[in-house]
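Peer 1: Residue 298 in UniProt numbering sits at position 271 of the sequence shown; the count goes up by one each step and never skips.
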Amino acid sequence: SYFDRIESEDEKIQSYITVCREEALKQAEEADQKVKCKDIKGKLLGVPIAVKDNICTDGIRTTCASKMLEDFVPPYDAAVVEKLKEEGAVIIGKLNMDEFAMGSSTENSAYKITKNPFDIERVPGGSSGGSAAAVAACLAPAALGSDTGGSIRQPSSFCGVVGLKPTYGLVSRYGLIAFASSLDQIGPITRNVDDAAFLLSIIEGYDERDNTSAEIERKDYFKTINDGVKGMKIAVPKQFFEEGLDVEVKEKVLSTIDMLKELGAEVETISMEVAEEGLSAYYIISSAEASSNLARFDGIRYGYRTKNYEDVYDIMANSRSESFGDEVKRRIMIGTYCLSAGYYDAYYKKAMKLKKKIKSEFKKVFEKYDIIIGPVSPVLPFKIGEKKQNPVEMYLADIYTVNVNLAGIPAISVPCGMSSDELPIGMQIMADDFCEEKIFRAAKAVE
Ligand code: GLN
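1) Drop a sphere of 10 angstroms on the beta-carbon of R236, count the other beta-carbons inside from all chains shown, and report buried for 16 or more, exposed for fewer.
2) Mind the definition here: the segment 244 to 260 touches the segment 270 to 279 only if three or more C-beta pairs lie below 8 Å; say whether that holds.
3) Counting beta carbon pairs with one atom in the segment 99 to 114 and one in the segment 76 to 85, are three or more of them shorter than 8 Å?
4) How would you label Y370, buried or exposed, when you count the other beta carbons within 10 angstroms and need 16 or more for buried?
5) Where does Q181 land, buried or exposed, given buried means 16+ other C-beta within 10 angstroms?
6) Quick one, which of E113, F127 and P75 has its alpha-carbon nearest L96's?
7) Kindly give me the distance between the Cβ atoms of A159 and F185, rounded to whole angstroms, as I take these residues to be in contact under 8 Å.
8) Spatial neighbours of residue 3 within its chain, please: CB distance less than 6 Å, with the 5 preceding and 5 following residues excluded, ordered by chain position.
9) For C443, which of helix, strand or coil comes out of DSSP?
10) Quick one: what's got a C-beta closer than 7 Å to V198's C-beta in the same chain, skipping five residues either side?
11) How is the alpha helix (DSSP H) around Q455 delimited, first residue to last?
12) Report the CB separation of S209 from E316 in whole angstroms; it is logged as a contact under 8 Å.
13) Which residues in the same chain have their Cβ closer than 6 Å to the Cβ of C462, if we skip the five residues on either side of it in sequence?
14) Do you know offhand how far E258's Cα is from C443's?
15) Between the Cα of L433 and those of K39, P193 and V419, spot the shortest distance and give me the residue it belongs to.
16) Along the alpha helix (DSSP H) that carries I385, what are the first and last residues, could you check?
17) What's the call for P102, buried or exposed, on a 16-neighbour Cβ count within 10 Å?
18) Leaving out five residues on either side along the sequence, give the residues of the same chain with a beta carbon under 7 Å from the beta carbon of I147.
19) Three-state secondary structure (DSSP) at Y331?
20) Would you be able to state if there are at least three C-beta pairs under 8 Å between the segment 340 to 358 and the segment 387 to 396?
21) DSSP state of Q266, grouped into three classes?
22) Should F351 be listed as close to ligand 1, given that the test is whether its C-beta is under 7 Å from any heavy atom?
23) Does the segment 132 to 143 come close enough to the segment 60 to 76 that 3 or more CB-CB pairs lie under 8 Å?
24) Could you tell me the alpha carbon to alpha carbon distance between R149 and R328, rounded to whole angstroms?
25) If you measure from the CB of G255, is any heavy atom of ligand 1 nearer than 7 Å?
26) Confirm, please, whether the CB-CB distance from M457 to A470 is below 8 Å.
27) Between which two residues does the alpha helix (DSSP H) harbouring V406 extend?
28) Who are the Cβ neighbours of G412 in its own chain at under 8 Å, not counting the five residues just before and after it?
29) Excluding five sequence neighbours on each side, which residues of the same chain lie with their C-beta closer than 8 Å to the C-beta of I312?
30) Could you please give the first and the last residue of the uninterrupted beta strand (DSSP E) stretch that includes Q54?
31) Starting from V78 and walking both ways along the alpha helix (DSSP H), at which residues does that stretch end?
32) Is there at least one non-hydrogen atom of ligand 1 closer than 7 Å to the beta-carbon of T175?
33) Between S447 and E337, is the Cβ-Cβ spacing less than 8 Å?
34) Starting from the C-beta of N335, find all residues in its chain whose C-beta is less than 6 Å away, skip the five residues before and the five after it, and write them out in chain order.
35) Could you check what DSSP says for Q181 in three-state terms: helix, strand or coil?
36) Whole angstroms is fine: what's the gap from I119's alpha carbon to S173's?
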């Protein structure tokens with residue numbers, strides 16, 4: 028039934044890059060067999076799941092929405108895909124995104140522009156825009172996205188679905204095509220908070236193939252998910268509600284916070300300096316790491332190769348020039364510049380210092396409070412094309428999400444209302460490292 032729906036509806040939404048009907052039916056049959064023989068546990072037996080196209084799938088094309096990887100068929104599954112399959116889930120397709128996850132609108136895809144299901148003239152957010160739009164339009168019951176600076180939370184907010192960026196290290200990055208390795212995390216995008224908690228409990232866990240994977244004891248998120256917010260200590264940073272925030276977003280987030288107060292939460296307004304500094308640090312660190320991570324795409328080992336060359340230098344330069352989009356080139360140039368001799372101390376080193384400061388500022392807040400609440404995006408879903416020509420304006424809209432990645436902490440986007448134009452508004456709930464259970468508990472009270 029999902030394939031039928033994709034066939035009839037996705038022409039409008041454009042959320043999938045690849046739909047894999049045959050492979051999916053084969054996977055489903057295999058899962059049936061394995062469950063019969065008790066080889067697999069089957070907690071997701073037969074559940075169709077769609078995956079962002081930067082997460083490797085064995086035998087299924089994985090493009091990163093780039094021309095560079097147009098024909099790339101990975102010979103292995105990412106750790107998260109292995110885990111889904113172990114539970115009998117069926118991968119039904121690969122979802123559109125900004126090229127190499129760089130962007131906030133999914134307009135940077137080399138293949139298509141995904142539309143926001145609430146208003147198809149507007150963007151679904153990004154970079155996991157395909158994932159959020161597919162879940163919102165019921166083209167998949169749940170999806171995986173990746174979040175380096177907001178790419179799960181912001182599109183979830185724009186599309187009225189739930190999206191969680193887990194603590195750095197909780198979910199294995201093995202098989203995730205890297206953008207900025209020290210910030211990237213895979214997480215669930217779902218229709219409700221229970222599904223997000225359930226999906227996280229399947230994909231999380233230590234993996235020796237990811238050397239930043241954390242070895243921690245597993246938690247049962249469902250033990251406390253329905254406990255409500257009574258007695259929870261909530262911090263609301265005043266800097267998250269200042270200039271630049273859309274009035275309707277502000278009003279909805281603040282009225283939801285009032286509701287939590289009525290439900291028994293202890294809410295206090297606090298001061299956090301991090302917001303704006305974080306944005307600068309984020310764009311330096313993420314671009315620096317991207318410039319290094321994307322060096323592997325050289326036209327020689329795999330990926331796109333130019334037809335236009337005389338020597339090996341031409342192969343590298345022309346393959347990259349012809350197949351990377353403008354935004355990817357921009358990030359590679361920013362990153363290379365920041366890392367170059369003479370500028371390293373002025374940019375990269377300074378940004379790394381800020382990252383540390385941000386982490387300790389969050390730590391300090393979490394000594395006193397269970398969670399921090401704020402908006403996800405300062406703006407409502409914008410019109411397609413509206414910000415495309417102004418990259419800095421697009422970067423500025425990441426102001427509330429990037430700090431979370433720099434600190435490594437978990438955060439969710441949960442719907443908290445609609446604008447007067449019937450556009451979804453999301454609220455962000457953050458917690459200390461590995462305290463996802465607090466996030467789910469509070470998010471469930473908002474839902
Ligand atoms: N919008 C941010 C960027 O363009 C975040 C991207 C992401 O989280 N992958 O870098």
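Glycine residues also receive a C-beta, built at the ideal position from the N, C-alpha and C atoms.
Peer 2: Straight from the coordinates:
1) Translated into the one-based positions of the sequence shown, residue 236 becomes position 209. Exposed: under 16 other Cβ atoms inside 10 Å.
2) no
3) yes
4) Working through the sequence shown from its first residue, we reach residue 370 at position 343. Result: exposed.
5) Along the sequence shown, read from residue 1 onward, the residue named residue 181 stands at position 154. That one is buried.
6) Here the question's residue 96 lines up with position 69 in the sequence shown. Nearest option by C-alpha distance: F127.
7) If you number the sequence shown from 1, residue 159 lands on position 132. If you number the sequence shown from 1, residue 185 lands on position 158. At roughly 7 Å, the Cβ-Cβ gap stays under 8 Å, so A159 and F185 are in contact.
8) Residue 3 is absent from the structure shown; the chain starts at 28 and stops at 474.
9) Residue 443 sits at position 416 when you count from the first residue of the sequence shown. In this structure, C443 counts as strand in the three-state DSSP scheme.
10) Working through the sequence shown from its first residue, we reach residue 198 at position 171. Here the set comprises V107, Q212, I213, G214, I230 and E231.
11) The count along the sequence shown starts at 1 and reaches residue 455 at position 428. Segment P451 to A458 is the beta strand (DSSP E) holding Q455; no alpha helix (DSSP H) there.
12) Stepping through the sequence shown from its first residue, residue 209 is reached at position 182. Stepping through the sequence shown from its first residue, residue 316 is reached at position 289. Between E316 and S209 the Cβ distance is about 6 Å, and since that is below 8 Å, they are a contact.
13) What you label residue 462 is simply residue 435 of the sequence shown in a count that begins at 1. Excluding residues within five positions, none has a Cβ falling inside 6 Å.
14) On the sequence shown, position 231 is the one that residue 258 refers to. On the sequence shown, position 416 is the one that residue 443 refers to. In the sequence as presented, Glu is not what sits at residue 258; that position holds Gly. Between G258 and C443, the C-alpha separation is close to 21 Å.
15) If you number the sequence shown from 1, residue 433 lands on position 406. Among K39, P193 and V419, the Cα nearest to that of L433 is on P193.
16) For the purposes of this step, residue 385 is identified with residue 358 of the sequence shown, where counting begins at 1. Here the alpha helix (DSSP H) through I385 covers K377 to K395.
17) Taking the first residue of the sequence shown as 1, we reach residue 102 at position 75. Under this definition P102 is an exposed residue.
18) Stepping through the sequence shown from its first residue, residue 147 is reached at position 120. Counting only Cβ-Cβ distances below 7 Å, and skipping sequence neighbours, we find K39.
19) Residue mapping note: residue 331 aligns to position 304 of the sequence shown, counting from 1. Y331 falls in the coil class under three-state DSSP.
20) no
21) Numbered from its first residue, the sequence shown carries residue 266 at position 239. Of the three classes helix, strand and coil, the one that applies to Q266 here is helix, per DSSP.
22) For the purposes of this step, residue 351 is taken as residue 324 along the sequence shown, with counting starting at 1. Outside the cutoff, so no.
23) no
24) In the sequence shown, the residue the question calls residue 149 occupies position 122. In the sequence shown, the residue the question calls residue 328 occupies position 301. If you take the alpha carbons of R149 and R328, they lie about 38 Å apart.
25) Counted from its first residue, the sequence shown places residue 255 at position 228. Outside the cutoff, so no.
26) Counting from 1 along the sequence shown, the entry for residue 470 is found at position 443. Counting from 1 along the sequence shown, the entry for residue 457 is found at position 430. Result no, Cβ atoms of A470 and M457 do not sit closer than 8 Å.
27) Translated into positions along the sequence shown, residue 406 becomes position 379. It is not in any alpha helix (DSSP H) - V406 carries neither H nor E in the DSSP assignment.
28) Your numbering for residue 412 matches position 385 in the sequence shown. The residues are E134.
29) As a first step, residue 312 must be located in the sequence shown, where it is residue number 285. The answer, listed in chain order, is A207, S209, L210, Y375, A378, M379, K382 and L433.
30) Residue 54 sits at position 27 when you count from the first residue of the sequence shown. Here Q54 belongs to no beta strand (DSSP E); instead the alpha helix (DSSP H) covers R48 to K63.
31) In the sequence shown, the residue the question calls residue 78 occupies position 51. Element bounds for V78: not the alpha helix (DSSP H) but the beta strand (DSSP E), P75 to K79.
32) Locating residue 175 in the sequence shown gives position 148, where the first residue counts as 1. At least one heavy atom of ligand 1 is nearer than 7 Å to the Cβ of T175, so yes.
33) For the purposes of this step, residue 447 is identified with residue 420 of the sequence shown, where counting begins at 1. For the purposes of this step, residue 337 is identified with residue 310 of the sequence shown, where counting begins at 1. No. Outside cutoff.
34) By one-based count along the sequence shown, residue 335 stands at place 308. Result list for N335: N345, in chain order.
35) Here the question's residue 181 lines up with position 154 in the sequence shown. The answer is helix: DSSP assigns Q181 an H, G or I state.
36) Within the sequence shown, the letter at position 92 stands for residue 119. Within the sequence shown, the letter at position 146 stands for residue 173. Distance between the alpha carbons of I119 and S173: 18 Å.
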